[in-house]
Structure formats: structure tokens, C-alpha cells
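Remarks on the structure that follows.
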Amino acid sequence: MPIRVVPSGASCGALVYGVDLSKEPSKDVQCALRAAWLTHQVIALPDQSLSFEDLERFALSMGPAGQDPYIESIAGHPRVIAVRREADEKTPLFAESWHSDWSFLDTPPAGTALYGVEIPPEGGDTLFANQYAAYEALPAATRERIAGLVGIHSARRGYAPNGVYGAADRGRSMAIVYSESAFRIQRHPIVRRHPETGRAALFVSPGYTIGIEGMLEEEAQSLLTELFVHQSEPAFVYRHRWTPGLLTLWDNRCLVHRATGGYEGHRRLLYRITIAESPALARTGEV
Ligand SMILES: [Fe+2]
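Following the numbering used here, the numbering of the sequence shown begins with 851 at its first residue and continues without gaps.
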């Protein structure tokens, strides 16, 4: 069956038909998937029926194994984590702030694959915002102002002992492990060049960017807030609707994303694998 790529019509996102990931994809199919991924930033393959081994093989075809600090993997599959919420769960929604996955790492992951298993009949959409488009739409004066600036990233707001998922977070079904290590910081250019496409993208998020190097707190927070408001304007956002069996792959280097709720009373379960940057590309590109 030929591969068919259907763009979402929004700023990013496409559905991809004609690939069965329960079988090892040929090199040609892998290249086509990578091309679609780099073009549309988030691609989704409906109606898959995948074992954990299938999911792991697919992730490896897209890049090296990534790491997942603060979330325990499922038994027997050290790369797979469960994104889970029980029907009666009352904890704050997981990942409701805009973010790029694990951007507080030295080399943040290139991509994330997420496979829908139990999907509520309504709610639970994932929002993706195109950060190439967000950067390109900035006023010239703002682009000049942020050129060469370095953002300070940290996991503390979520994963420190006093974070959203810290010691006071009780009754959560996801296997989150908070840690003092979340207070560490990592620096990344606010405008980062995508190592594969060469395009400039905004690389900040309210989830993980806590300051700007060399800038006073008040000025930094003011500028960051301006960027946070801009980066998730509706013009850049694609609303991703889940279905059981939908395998979704997004590019953390040119997108921010966030979870949404609206499915109280329903269980939701997806399996996730993080895809690291290829060593040859693992450099931070300042624009
Ligand atoms: Fe995420």
C-alpha cells in the first residue's frame, strides 16, 4: 500500500496512512516517515496494533534510545513509560503546561513517540505549537532582542520535591519519581537551529524555562512571558485528537506541546518512548 500523508490543515501535523508498524518498515518507508516527520513536525499513524517490541523497534528506527528522568518505565521494558490517568483520579493534569520534552537535559531528546491504548470518548487532546512559525512571526525588533540570548531550563517546577509532581502530589497513577536533581539547570539558546532542517525555532517554554542567562529576574520573566504568550497563539497550534491504536511521533526541536483534560470519569492510557538526538547531530545550534 502506498504511503499517504494528509496534512492537518493547521500550522503543523499530518496523518500518515499505509504503514503497518507491527512489521519492520523497509528503509524506504523509514525515509518517507522521517521526511514526513521533519516536514509536518508531528505525524500520526492511525489504526496500529503494536506490541511493546513493535513500539521499541519503531522508536529505534527514528533515533537512539532516549532517557526519561523522573518517570519509571514499565516492567520488562526500560524504554517504555505509561502515560496514565485513572477514571477517578483527582491529581493535577500531567503535562498541562506548554513544554518541549525534557528540555532541561544537556542534549534534549529529538522526538517522542506516544501510542494510544485507552482513549476517552471526549477530551484529552494534545496541543502542538509550531515553533518555526512562532519564531518567524515575531516582530523584527523581538527577533533582534532575543538573538544570542540563552535560556535557563530546569525540571524544578514539575519534578522537584516542592514541584507539581513532588511530595505533596498524592494519588497519581503515573509512576513519577521526584528528586532534588530537578533543581539542576541547563542552558540552551532561546533561538535554536534545528540540526536536521537547519531552520530556526523558538526553544523556550513555561514548563521548563525559568530564566535568561545574564539577565535580571524581572526583565527575564517579562521577556519570557512575552515569548510564552506568543509561542502558543492559535495560529501556530494544531489540536491532536487521539484514537485507540494511534501512534504519534513529534519533534521536540521545533514544537512545544501540552496536555488537555475534559475526560473526567474515563481512564486514559498511552505508552511513550523518548527518542534521543543522534550523536552526530547532538550539538546545540545557536542562531
Ligand atoms: Fe510532553
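For every residue, glycine included, the Cβ atom is placed at its ideal position computed from N, Cα and C.
- Only exposed fits residue 917, as fewer than 16 other CB atoms lie within 10 angstroms of its CB.
- With fewer than 16 other Cβ atoms inside 10 Å of its own Cβ, residue 1021 counts as exposed.
- According to the DSSP assignment, residue 879 belongs to the alpha helix (DSSP H) that extends over 877 to 890.
- Relative to ligand 1, residue 949 has its C-beta within less than 7 Å of a heavy atom.
- Counting other Cβ atoms within 10 Å of its Cβ, residue 881 stays below 16 and is therefore classed as exposed.
- In this structure, the straight-line span from the alpha carbon of residue 931 to that of residue 1012 is close to 23 Å.
- Distances from the CB of residue 1107 to the heavy atoms of ligand 1 include at least one below 7 Å.
- As for any beta strand (DSSP E) of minimum length 3 sitting wholly inside the segment 1051 to 1131, the runs are 1059 to 1062, 1087 to 1090, 1097 to 1101, 1105 to 1109, 1118 to 1125, ordered along the chain.
- DSSP places residue 920 outside both helix and strand once states are collapsed to three, so it counts as coil.
- Spanning the alpha carbons of residue 1125 and residue 960 requires a straight line of approximately 6 Å.
- Put simply, the backbone Cα of residue 1023 is about 32 Å away from that of residue 1075.
- If you draw a straight line from the Cα of residue 1002 to the Cα of residue 1038, it is about 7 Å long.
- Beta-carbon to beta-carbon, residue 1097 and residue 965 are separated by about 5 Å, close enough to satisfy the 8 Å threshold.
- Taken from the Cβ of residue 945, at least one heavy atom of ligand 1 lies inside 7 Å.
- Between residue 922 and residue 1027, the CB-CB gap stays under 8 Å.
- Rounded to whole angstroms, the gap between the alpha carbons of residue 872 and residue 886 is 19 Å.
- Around the beta carbon of residue 1031, fewer than 16 other beta carbons lie within 10 angstroms, which makes this residue exposed.
- Secondary structure note for residue 968: its beta strand (DSSP E) is the uninterrupted segment 961 to 968.
- Taking all protein chains shown into account, residue 1042 has 16 or more neighbouring C-beta atoms within 10 Å of its C-beta and is therefore buried.
- The criterion of a C-beta distance shorter than 8 Å is not satisfied by residue 858 and residue 1087.
- For residue 976, the secondary structure class from DSSP, reduced to helix, strand or coil, is strand.
- In the DSSP assignment, residue 1036 falls outside any alpha helix (DSSP H) and lies within the beta strand (DSSP E) extending over 1036 to 1039.
- DSSP places residue 925 in the coil class of the three-state scheme, outside both helix and strand.
- Relative to residue 985, the option among 1114, 1113, 1085, 1117 whose CA is nearest is 1085.
- Boundaries of the beta strand (DSSP E) harbouring residue 932: 930 to 935, taken from the DSSP string.
- Nearest to residue 1081 by C-alpha distance, out of 989, 1062, 1100, is 989.
- For residue 1001, the enclosing beta strand (DSSP E) starts and ends at 1000 to 1003.
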